[in-house]
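The structure appears below as structure tokens.
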Amino acid sequence: MNLTLKVWRQKNKKVNGKLETYQVAGISEDMSFLEMFDVLNERLVSEGTEPIAFDHDCREGICGMCSMYINGQPHGPLQGVTTCQLHMRSFKDGDTIVVEPWRAVAFPVIKDLVVDRSSFDRIIASGGFISVNTGNAQDGNSLPIPKDDADKAFMAAACIGCGACVSACKNASAMLFVSAKVSQLALLPQGQPERQDRAMKMVAQMDAEGFGTCTNTGACAAECPKEISLENIARLNREYLGASLGSTN
Amino acid sequence: MSNKLDAKIPEGPIADKWTKYRSTVPLVNPANKRSLEIIVVGTGLAGASAAATLAEMGYKVKAFCFQDSPRRAHSIAAQGGINAAKNYQNDGDSVYRLFYDTIKGGDYRSREGNVHRLAEVSGSIIDQCVAQGVPFAREYGGLLSNRSFGGTQVQRTFYAAGQTGQQLLLGAYSGLERQVGIGNVTMYTRHEMLDVVTIDGKARGIIAKNLVTGELERHFGHSVLLCTGGYGNVFYLSTNAMGSNVTAAWKAHKKGANFANPCYTQIHPTCIPVSGDHQSKLTLMSESLRNDGRIWVPKKQNDTRLGNDIPEEERDYYLERRYPAFGNLVPRDIASRAAKERCDAGYGVGASKMAVYLDYAYAIERYGKIEANKKNMHNASKEEISEMGKAVVKEKYGNLFDMYKQITGEDPYELPMRIYPAVHYTMGGLWVDYNLMTNVPGLYALGEANFSDHGANRLGASALMQGLADGYFVIPYTIGSYLSSEIRTKAISTDHPAFAEAEKAVRERINKLLNIKGKQSPESFHKRLGKIMWDKCGMARSEKGLKEAIAEIQALKNEFWSDVRILGDADEFNPELDKAGRVADFIELGELMCVDALNRNESCGGHFREEYQTEEGEALRDDENFMYVAAWEYEGESKWNLNPEPLIYENIKIAQRSYK
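As they're listed, the protein sequences go chains E and G. Counting in the working numbering, the first sequence runs from 3 upward without gaps. Counting in the working numbering, the second sequence runs from 1399 upward without gaps.
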């Protein structure tokens, strides 16, 4: 198939960027979206034009590195799929596809489609963990966990930290990301001792990083490639409120 | 046989070695730990667990990763599970059995001492991960669930759906970030190590490139830990992440560290087949799928019917036929070769004929019937059974099935999956002793980056076990034996001439790459290297092919250094430049892999030399001449010296591996 691509090009974070138009031909429907970019980049190199910088690594939907905003949707048109797992069979011959980087104050552009998401690491460093040193653990089966709780914790823990939720949100809020980690640990017995402290600290760090506030539009969950549920945000609100009032109930 | 390398395996009975050693290894007191600095390169399971644990102990740690966050390291993509000798299933598992299975699975080419230690600490890994909040799969009673993996007859694999690596890495990452928050670890993301700095023969730091600005940085450390993963991307197409590379390990090799068993490559039997020339990577379908899936090809050559149209009696379940004792759960090397054998003989399926079927129809029916019984539905219709069976399969393997459908456009709940072997893991790596130290004092290698525990073939669910064992439970003890003698070494200024020299060499190489201004992209060289490696140093190797490969790689290297084209500059974010440096290192490594494969005149595990096979086509070892670790010392361009380390089996009786 033949396509017209409009891609955000930006030399670095200090200069302004703009959309450039490229024609690509002979794209197979079995190619992934990123393989289509590989083909374009190879051509650009042969023409002496700098290739388009984009983040990618595992290319199997789990590392969370890829981050393209495709036709107004993070990770493109499919539900529950990252950019690297989006295949060209989702497009038609003759389509025009607009590709931009994640857009959020807390995710500054490094180059072209590459953004800086280190704010997410700082949020985790502020409290997204259980304070247990290596060697202190008791036997793994000493504390039974109801399957339902374990499954819910797992569903929250499936977050890949890609930032699509922030990118989808009109306020660039990181609530879905933060709530996924808070929920995972709040659902497990191991997470109880630091439960209140964790919610307070992670929310404070999220605010300090310049993410916006949540207005419950749900765009984050709709665009999340791992389908992290909005229930987690409700749980975070409950945790935060409980912590603010000094009670976990 | 010369014995230049001392593995430093402690004396004494196998079951006591580690306990005794751990209790007698010199310690560093807390005050001294605060003034000792450790550099950790790579933040996968080995690196993140080591960095977090060493920081908890009080050392000053600097950690580096090339990705934008330590959470993205490729351990994240491991699917199926992690082994541990817990015997929770009461099926006869024990530390000894895990030890034995691992040695046998590795085709008797790994060290007894290291492997026994790995089995001993395996249980503590599970405990540690549970305590961190890793949401492992559980049974209705609330206890941990297990499943089977290849090469074993017990259920000792712990898992979190098909995302076990993700959950374990996020656990280690949370421990690491906790230490970053406290200030015990300084984290450098989007940084790539480009050289090890040695002073008076000891590793004293690294030169790292800030990939965003292009700046070269000097970092001092009393010791340097390389946790940089494997080198499967030398084949271009593999299940590794696009960024996975050998550069850090290769730089260490060129600074004197021996590279051991480079030819031991694991080709994973169940991956989604190549669909065309555009293919940039291959996707694994977890080995756990062999728990319930059955592998088959048509009995008739060049059968063009669709899988579902081929009747039962015309199907050849070749693994069940050849290996009745282990069936579909034979080790990876054996399953891969068996698939290749069927396809080469003309029994392959799909458009390319380079694939076999992995079929879930039976599992869906079996699980469906169990569910029907549970629900007292004794007259359940075929459709009802199928629906209930699909729900069970979805819970166990849903994310894998979704991924298959997304990539191939086919629904694996309705049609058998098409699979073919692909490069997945490298057992070879930097040579290390029992302390995980390379032959360069102060320089360590952990996880897939070292060679030590898997011999010539790794069993499934053992990579996660080894990465976390090394980082959580081995290095925190063994590093004491070196650092206890370094407490008087003050931090060395990075103005030291050794740092200046190393930085200058790195800068010159970057400028050299940029100034070639040729015609071909780094990517195109990588593809060509991959093809040579796959064709001639892949699943089957021969003397003739390997000799040709060495000549072709040398020619490719010359062409690369005279015709590569890299756009952009050194002082900016430039992924093309970074890629070119990695490809250049892969080319050199590829040559060494072929040299090693040519030297090893036997077949063992993942190394299959066509000249050495039994009448049934199984790998034929030569224990008399090759029961050694081949550690290669770099002596200059295309020149290596072999330092063999003999393998001594005192506890396990070596035999021809049989899974029949």
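Just so it is clear, CB atoms sit at the ideal spot from N, CA and C, and this is done for glycine as well.
Contacts that residue i makes with chain G (C-beta to C-beta distance below 9 Å)
{"i": "Ile-112/E", "result": "Asp-1466, Arg-1588, Val-1610, Phe-1971"}
{"i": "Phe-109/E", "result": "Within 9 Å Cβ-Cβ: nothing; Phe-109/E doesn't reach chain G, min ~10 Å."}
{"i": "Asp-199/E", "result": "The contacting residues do not exist; Asp-199/E stays about 12 Å from chain G at best."}
{"i": "Pro-227/E", "result": "What Pro-227/E touches in chain G: nothing, since even the nearest Cβ is about 11 Å away."}
Residue range of the unbroken alpha helix (DSSP H) whose run includes residue i
{"i": "Gln-186/E", "result": "177 to 189"}
{"i": "Asn-138/E", "result": "It is not in any alpha helix (DSSP H) - Asn-138/E carries neither H nor E in the DSSP assignment."}
{"i": "Asn-1643/G", "result": "First-last for Asn-1643/G: undefined, no H or E at that position."}
{"i": "Tyr-1457/G", "result": "Here Tyr-1457/G belongs to no alpha helix (DSSP H), and DSSP marks it neither H nor E."}
{"i": "Cys-167/E", "result": "166 to 170"}
{"i": "Glu-1974/G", "result": "1973 to 1997"}
{"i": "Ala-1570/G", "result": "1562 to 1580"}
{"i": "Cys-86/E", "result": "It is not in any alpha helix (DSSP H) - Cys-86/E carries neither H nor E in the DSSP assignment."}
{"i": "Glu-1906/G", "result": "1895 to 1914"}
{"i": "Ala-2029/G", "result": "Counting along the chain, Ala-2029/G falls outside any alpha helix (DSSP H), though it belongs to the beta strand (DSSP E) covering 2026 to 2032."}
Listed by chain order, chain E residues near residue i by CB distance under 8 Å
{"i": "Met-1801/G", "result": "Glu-62, Gly-63, Gln-87"}
{"i": "Tyr-1538/G", "result": "Lys-149"}
First and last residue of the uninterrupted beta strand (DSSP E) at residue i
{"i": "Arg-1616/G", "result": "1614 to 1618"}
{"i": "Gln-25/E", "result": "20 to 26"}
{"i": "Asp-1757/G", "result": "1754 to 1757"}
{"i": "Asp-1525/G", "result": "Not the beta strand (DSSP E): Asp-1525/G falls in the alpha helix (DSSP H), residues 1510 to 1530."}
{"i": "Lys-1607/G", "result": "1600 to 1608"}
{"i": "Gln-207/E", "result": "Careful: Gln-207/E lies outside any beta strand (DSSP E), inside the alpha helix (DSSP H) at 197 to 210."}
{"i": "Lys-113/E", "result": "111 to 113"}
{"i": "Leu-2040/G", "result": "2038 to 2044"}
For residue i, the residue or residues it bridges with in DSSP
{"i": "Thr-1555/G", "result": "Asn-1481/G, Arg-1545/G"}
{"i": "Pro-103/E", "result": "Paired residues: none, contrary to the question."}
{"i": "Thr-6/E", "result": "Gln-25/E, Thr-98/E"}
{"i": "Gln-2011/G", "result": "Ala-2017/G"}
{"i": "Ala-1938/G", "result": "Answer is none; Ala-1938/G lacks a bridge partner."}
{"i": "Asp-1593/G", "result": "Ile-1605/G"}
{"i": "Gly-1827/G", "result": "Ala-1658/G"}
{"i": "Glu-52/E", "result": "In the DSSP output, where bridge partners are listed per residue, Glu-52/E has none listed."}
{"i": "Lys-1848/G", "result": "Note that residue 1848/G is Asn in the sequence shown here, rather than Lys. DSSP, once it has assigned bridges, lists Leu-1828/G as partnering Asn-1848/G."}
{"i": "Gly-214/E", "result": "Ser-175/E"}
{"i": "Glu-1435/G", "result": "Lys-1458/G"}
Closer than 8 Å at the beta carbon, the chain G residues around residue i
{"i": "Arg-119/E", "result": "Asp-1466, Ser-1467"}
{"i": "Pro-79/E", "result": "Ordered by position in chain G, no residue passes the 8 Å Cβ test against Pro-79/E, which lies about 13 Å from the chain."}
Proximal residues of chain E, C-beta to C-beta of residue i below 7 Å
{"i": "Ser-1572/G", "result": "Ile-126, Gly-130, Phe-131"}
{"i": "His-1924/G", "result": "Residues of chain E passing the Cβ test: none, with the nearest at roughly 11 Å."}
{"i": "Ile-1524/G", "result": "Gly-142"}
Beta carbon proximity, residue i to chain C, threshold 8 Å
{"i": "Phe-179/E", "result": "Absent here is chain C; the protein component of the structure consists of chains E and G."}
Cβ-heavy atom distance, residue i to the ligand NAD, below 7 Å
{"i": "Ala-27/E", "result": "Only the bare structure without any ligand can be found here, which leaves the ligand NAD out of the picture."}
Count Cβ pairs between the segment 1477 to 1494 of chain G and the segment 1549 to 1558 of chain G that sit closer than 8 Å; are there 3 or more? Yes, the segment 1477 to 1494 of chain G is in contact with the segment 1549 to 1558 of chain G.
Would you call the segment 1813 to 1831 of chain G and the segment 1664 to 1677 of chain G in contact, with 3 or more CB pairs under 8 Å? Cβ pair count under 8 Å is three or more, so yes.
Identify each residue in the segment 49 to 70 of chain E for which the Cβ-Cβ distance to at least one residue of chain G is less than 8 Å, and report them in chain order. Answer in chain order: Gly-50, Thr-51, Glu-52, Pro-53, Ala-55, Asp-57, His-58, Asp-59, Cys-60, Arg-61, Glu-62, Gly-63, Ile-64, Cys-65, Gly-66, Met-67.
Listed in chain order, which residues of the segment 151 to 176 of chain E have Cβ atoms closer than 9 Å to some Cβ of chain G? The residues in question are Asp-151, Ala-152, Asp-153, Lys-154, Ala-155, Phe-156, Met-157, Ala-158, Ala-159, Ala-160, Cys-161, Ile-162, Gly-163.
Are there three or more Cβ pairs, one per stretch, closer than 8 Å when the segment 1774 to 1788 of chain G is compared with the segment 1727 to 1736 of chain G? Counting Cβ pairs under 8 Å, fewer than three are found: no touch.
Below 8 Å, how does it come out for the segment 79 to 94 of chain E and the segment 58 to 67 of chain E: are there three or more Cβ pairs, yes or no? At 8 Å Cβ cutoff, the stretches touch.
Listed in chain order, which residues of the segment 1672 to 1699 of chain G have Cβ atoms closer than 8 Å to some Cβ of chain E? Result list: Ser-1673, Gly-1674, His-1676, Gln-1677, Ser-1678, Lys-1679, Thr-1681, Leu-1682.
Relative to chain G, which residues along the segment 30 to 51 of chain E have a C-beta separation below 9 Å, given in chain order? Listed by position along the chain: Ser-30, Glu-31, Asp-32, Met-33, Ser-34, Leu-36, Glu-37, Met-38, Asp-40, Val-41, Asn-43, Glu-44, Leu-46, Val-47, Ser-48, Gly-50, Thr-51.
Can you list, in chain order, the residues of the segment 87 to 106 of chain E whose Cβ is nearer than 9 Å to any Cβ on chain G? Against chain G - using a Cβ distance shorter than 9 Å - the residues of the segment 87 to 106 of chain E are Gln-87, Leu-88, His-89, Arg-91.
Are three or more beta carbon pairs between the segment 237 to 245 of chain E and the segment 183 to 202 of chain E nearer than 8 Å? At 8 Å Cβ cutoff, the stretches touch.
Is the segment 1450 to 1469 of chain G touching the segment 1579 to 1594 of chain G, taking contact as three or more C-beta pairs under 8 Å? Touching, per the Cβ criterion.
Cβ contact (3+ pairs, closer than 8 Å) linking the segment 1821 to 1838 of chain G and the segment 1848 to 1858 of chain G: The segment 1848 to 1858 of chain G and the segment 1821 to 1838 of chain G touch, with three or more beta-carbon pairs separated by less than 8 Å.
Tell me which residues of the segment 182 to 210 of chain E have at least one Cβ-Cβ distance to chain G shorter than 7 Å, keeping chain order. For the segment 182 to 210 of chain E, the beta-carbon criterion of a distance under 7 Å to any beta-carbon of chain G is satisfied by Gln-186, Leu-187, Leu-190, Gln-192, Gly-193.
Cβ-based contacts, 7 Å cut-off: residues of the segment 1469 to 1489 of chain G near chain E: Cβ contacts with chain E: Arg-1469, Arg-1470, His-1472, Ile-1474, Ala-1475, Tyr-1486.
Residues of the segment 1630 to 1659 of chain G with Cβ closer than 7 Å to any Cβ of chain E, in chain order: Shown in chain order are the members of the segment 1630 to 1659 of chain G whose Cβ falls below 7 Å from a Cβ of chain E: Ala-1639, Met-1640, Gly-1641.
Is the segment 1765 to 1776 of chain G in contact with the segment 1741 to 1751 of chain G, if contact means three or more CB pairs nearer than 8 Å? As far as the Cβ criterion goes, the segment 1765 to 1776 of chain G does not touch the segment 1741 to 1751 of chain G, which means the pair count is below three.
Could you please tell me which residues of the segment 1855 to 1875 of chain G, in chain order, have their CB closer than 8 Å to any CB of chain E? So the list reads Tyr-1870, Phe-1871, Pro-1874, given in the order they occur along the chain.
Any chance the segment 1935 to 1948 of chain G sits against the segment 2000 to 2019 of chain G, with 3 or more Cβ pairs inside 8 Å? Yes, they touch.
For the segment 1814 to 1828 of chain G, list every residue whose C-beta sits within 7 Å of some C-beta in chain E, in sequence order. Per Cβ criterion, the list is empty.
When the Cβ atoms of the segment 108 to 128 of chain E are set against those of the segment 28 to 35 of chain E, are three or more pairs found closer than 8 Å? As far as the Cβ criterion goes, the segment 108 to 128 of chain E does not touch the segment 28 to 35 of chain E, which means the pair count is below three.
Please identify, using Cβ separations under 8 Å, the residues of the segment 1438 to 1463 of chain G that lie next to chain E, in order along the chain. Residues Ser-1447, Ala-1450, Thr-1451, Glu-1454.
Closer than 8 Å is the cut-off here; do at least three beta carbon pairs connect the segment 131 to 142 of chain E with the segment 35 to 55 of chain E? Too few Cβ pairs lie closer than 8 Å, so no.
Quick one, which residues of the segment 1745 to 1772 of chain G are near chain E if we go by CB-CB under 9 Å, in chain order? Hits within the stretch: zero.
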